[in-house]
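Just so we're aligned, residue 13 is where the sequence shown starts under my numbering, counting upward by one. Backbone N, C-alpha and C fix where the C-beta goes; we use that ideal spot for every residue, glycine too. Nothing here was measured: the structure is a model prediction, and the numbers come from that model. In what follows, a structure is listed as structure tokens, so that the remarks can point back to it.
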Amino acid sequence: MSSAHDVSADVVSLTARRSYRADYKGLACAQVRAGRERLGLGHDEFAEYLSGLLGRKIPAQLAKRWEQSNIPPGDVLLASNGQMPSRSLLETVPPAFPAGALAGPWVTCYQFDHGGKPHHHADIAVITAETGSRIRAVNHPPEPHSEGRARPFRNEISATLAGRHLVGEWVNTSDTRYYGSVQLAVHSGEAVMEGIYAGVGSDVEVSEGDWKWVRLEVPPGADLAGITLRDPVALYELVMSRSCNDAPLTLDDVRED
């Protein structure tokens with residue numbers, strides 16, 4: 013009977029080779045590189061992709077060093093090790109400008125069907141850039157105005173900037189029956205956006221309409237939660253009449269006297 017200290021001729025005991033050290037750093041770097049190559053991304057694109065996935069800014073040079081010499085953090089390693097969502101087709105279309113140029117408050121208006129008749133909606137949506145091509149927007153506070161409804165539409169939007177178009181999806185958080193898609197063209201100067209939305213009309217119907225956004229100038233320290241918006245019909249007419257050559261709207265333009 014062989015002892016526990018016997019070593020088979022066919023097996024190499026690492027404990028018998030005291031000088032052996034596994035290249036854990038090299039293995040981790042290789043996993044990051046393999047993740048980038050699997051997605052078909054360059055270093056700049058991969059850094060932007062990781063930024064959106066992990067919720068923090070990842071410089072391209074740092075992402076590159078994680079492939080070559082620096083030990084990647086655990087969340088980066090997990091994300092690179094096959095635990096990334098598949099890449100959106102829109103992410104192959106580069107933005108014409110950084111999504112951060114759209115950050116801030118916007119007055120937005122559209123029509124919707126209510127009781128078989130067209131009604132008007134108006135709100136102030138605040139855009140936040142998540143990456144160089146991804147944005148999120150929330151349209152409260154202040155409380156939106158949806159004509160004819162006791163509970164106005166509170167919307168949250170997630171979209172990708174491809175070229176000069178924002179393409180994304182929206183969800184009504186005040187009544188989760190409603191959700192849909194949105195596509196907005198961004199005019200030169202990044203102060204006016206207009207396009208279309210589509211959404212749930214019923215279980216078997218799709219509603220659609222025009223949606224226009226105009227940038228809003230807000231003084232530093234202004235409290236959006238403390239204002240009341242004007243009548244949505246008046247705001248709809250105001251917003252629809254604006255061109256990309258007009259100055260941004262002000263709080264005096266949109267709040268109730």
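| Check | Outcome |
| --- | --- |
| Residues in its own chain within less than 7 Å of L70 by CB, not counting five upstream and five downstream? | The sequence shown places Ile at residue 70, not Leu. Only A59, L62 and S63 meet the Cβ criterion. |
| Thinking R161 and H132 are a contact (beta carbons under 8 Å), I'd like their distance in whole angstroms, please. | Not quite, the Cβ-Cβ distance comes to about 11 Å (not below 8 Å), so this is no contact. |
| Do P244 and S158 have their C-beta atoms within less than 8 Å of each other? | yes |
| Could you give the first and the last residue of the continuous beta strand (DSSP E) run that contains H152? | That residue, H152, is in no beta strand (DSSP E); it is neither H nor E in DSSP. |
| Take every Cβ of the stretch 128 to 142, pair it with every Cβ of the stretch 103 to 119, and state whether three or more of those distances are shorter than 8 Å. | yes |
| Using only CA atoms, which one of K224, E268, G175 and E249 lies nearest to L102? | G175 |
| Report the option in Y36, S255, A259 and L236 whose CA atom is closest to the CA atom of P154. | L236 |
| Examine the Cβ distances between the stretch 137 to 149 and the stretch 249 to 262 and report whether three or more of them are shorter than 8 Å. | no |
| Rounded to whole angstroms, how far is the Cβ of L178 from the Cβ of V150, which I believe are closer than 8 Å? | Incorrect: roughly 15 Å between the Cβ atoms, too far for contact. |
| Would you tell me roughly how many angstroms separate the C-alpha atoms of D222 and L66, rounded to the nearest one? | 34 Å |
| I need the boundaries of the alpha helix (DSSP H) containing G211, first residue and last residue. | Note, G211: premise wrong, no alpha helix (DSSP H); beta strand (DSSP E) at V204 to S214. |
| Output the boundary residues of the beta strand (DSSP E) element that contains M199. | A small fix is needed here, since residue 199 is His in this sequence, not Met. H199 -> no beta strand (DSSP E), and no H or E assigned at all. |
| Out of G238, T185, G233 and V226, state which residue places its alpha-carbon closest to the alpha-carbon of L250. | V226 |
| Which word fits T172, buried or exposed, when buried means at least 16 other C-beta atoms lie within 10 angstroms of its C-beta? | buried |
| Judging by CA-CA distance, which residue of R254, L196, G207 and G238 is the nearest neighbour of D269? | G238 |
| With distances taken from CA atoms, which of T240, A246 and C256 is nearest R267? | T240 |
| Near N167, what residues of its chain come up, given a Cβ to Cβ distance below 6 Å and the 5 sequence neighbours on each side ignored? | N151, W182 and N184 |
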